[in-house]
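Take a look at the structure below.
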Amino acid sequence: MKILIIEDEPRAARQLQNLLKKSAFNFELLEVIDTVEDAVIWFKENSDPDLVFMDIQLADGLSFEIFQKIEIEAPIIFTTAFDQYAIQAFKVNSIDYLLKPIQQVDLENALQKFQKKNKTTTAIAPTVLKELLNSIQTPQKRSGILVKEGSGFVQIRTTELLYVYSQDSITFGVTNNKRYIIDETIDQLFNSLDETKFYKINRGQIVSKFSIQKIEPYFNHRVKLALLNPRDQEFIVSRQKTSDFKAWLNS
Numbered sequence: 317m318k319i320l321i322i323e324d325e326p327r328a329a330r331q332l333q334n335l336l337k338k339s340a341f342n343f344e345l346l347e348v349i350d351t352v353e354d355a356v357i358w359f360k361e362n363s364d365p366d367l368v369f370m371d372i373q374l375a376d377g378l379s380f381e382i383f384q385k386i387e388i389e390a391p392i393i394f395t396t397a398f399d400q401y402a403i404q405a406f407k408v409n410s411i412d413y414l415l416k417p418i419q420q421v422d423l424e425n426a427l428q429k430f431q432k433k434n435k436t437t438t439a440i441a442p443t444v445l446k447e448l449l450n451s452i453q454t455p456q457k458r459s460g461i462l463v464k465e466g467s468g469f470v471q472i473r474t475t476e477l478l479y480v481y482s483q484d485s486i487t488f489g490v491t492n493n494k495r496y497i498i499d500e501t502i503d504q505l506f507n508s509l510d511e512t513k514f515y516k517i518n519r520g521q522i523v524s525k526f527s528i529q530k531i532e533p534y535f536n537h538r539v540k541l542a543l544l545n546p547r548d549q550e551f552i553v554s555r556q557k558t559s560d561f562k563a564w565l566n567s
């Protein structure tokens, strides 16, 4: 079975490959692609694979844009971290998907389902694409986050989350009592949170409004935040965002 992976997060791509290797299905990985542009070029220059695993958010846009530029007849299994809102559109349109972080049993079930179905398919209809795009662009903000705890996962409420930061390509979420690993990028997580309650103060940090205890002037027209349970982290609002951040706090 020839497989193509379209995924812009190297860690997620490696995880999927490792899960595939552990599965009972023989496969040949053709390539890992991380942008809409490169995916369009690949499909123009190559025969369709037997199966495509496709992330929704790529480095240069939504993967749905690929279908607007070229017809794809290969079966698609979407991989997504949008657990609260895009999923409904996938279910309604009978589109196959795997929720990140992908679990071995879910992958096995998806592969078994793929093998039982007729492997030939047609391009996704424009009306389906429109509904899927709408589900991404007008999301219902999530109320829970799946986080790692020991060898498994637990769910925490977004109301418990004080702040999020990225360190060594790992996303951490901190509550009053504990620090958790979140298997999503900062951008993926922030796009699913309520922006009236959470603010991305720089490339690697998100803070909740109720965690902020004090704001102080900082070097180069920036501001520094004192948060609950800081855990040796410094929270500096980037200069470009300082004015907008203050407006957000005042709203």
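Sequential numbering of the sequence shown, starting at 317, is according to my numbering.
Glycine included, each C-beta is placed from N, C-alpha and C at the ideal position.
Fair warning: this is a prediction, and the values are worked out from it, not measured in the lab.
The closest CA to that of Lys530, considering only Phe359, Ile382, Arg519 and Leu544, is found on Leu544. Residues Phe341, Asn342, Phe343, Glu344, Asp366 and Leu367 of the same chain have their beta carbon placed closer than 8 angstroms to that of Met317, with the five preceding and five following residues left out of the count. Approximately 5 angstroms separates the beta-carbon atoms of Ile393 and Asp412; this is inside 8 angstroms, confirming the contact. In the structure shown, the three-state DSSP call for Asn507 is helix. Shown here, Thr396 sits in a strand according to DSSP, grouped into three states. Exclusion of the five residues before and after Thr501 leaves Glu325 and Thr487 as the residues of its chain whose Cβ lies within less than 7 angstroms of its Cβ.
Listed in chain order, the beta strand (DSSP E) runs fully inside the segment 521 to 567 are 521 to 524, 528 to 534, 538 to 543 and 551 to 553, counting runs of at least 3 residues. Each residue's CA atom was taken as its position, placing Ile388 and Phe469 some 35 angstroms apart. Where Leu332 is concerned, the enclosing alpha helix (DSSP H) starts and stops at Pro326 to Lys338. Close CB contacts of Asn536 within its chain, under the 7 angstroms cut and outside five residues either way in sequence, are with Arg555 (chain order). Fully contained in the segment 473 to 498 is no alpha helix (DSSP H) run of length 4 or more.
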